[in-house]
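Data block below; observations after.
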Amino acid sequence: MSVTVIKMELKFCEASWINSAYNSKKNPLSESETSTGSISPIIEAFLKHEVDRYQRNKKTRYNPTIEVETDLLYNTNISPLYSEEEVNARIKEAKDNLCQELIKSTEETLKTIKQQKDIEYNQIKIDMANWSTKLFELTLKKLI
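At position 81 of the sequence shown (counting the first as 1) the number is 81 in full-length UniProt numbering, and the numbers step up by one without a gap.
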């Protein structure tokens, strides 16, 4: 049979199974009817197929197996590339370099912030001086 025919049969099986499930709620099969095999062989084959597929998926999903060759893990003698002192020295050097970079970038950031605040401060001083001069002149005009 062609693939499309098989797919169509499966769709019909699904539709008939849904209809029979719906009808079985209204008119459930008696024990004698179920034991005599009154279920359609197509539906039975479809249900077996679905159960098998579910079991295969469940097995691979819940029982993943990882095969590891233990001979390779235990029989190899790999010598470390660096001694512990060399590793610690490299870590300390990297940490010191990072600290120096952090200090430099922080100093530069603070320097630019200070320059901006100094400019703002000087502008405020100039504005206040202008404002006080105008206020003084205005008061003098009122008094004269």
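Just so you know, even glycine gets a beta-carbon here, dropped at the ideal spot from N, CA and C.
query: DSSP three-state assignment for S40, whether helix, strand or coil; result: coil
query: Span separating the alpha-carbon of L98 from that of F136; result: 56 Å
query: E84 versus K95 - alpha carbon distance; result: 16 Å
query: I119 at chain D interface by Cβ criterion, 7 Å; result: The structure shown contains no chain D, having only a single protein chain.
query: Euclidean distance between Cα positions of I126 and Q116; result: 16 Å
query: Extent of the continuous alpha helix (DSSP H) to which L138 belongs; result: 84-143
query: Alpha-carbon spacing of L81 relative to E108, whole angstroms; result: 39 Å
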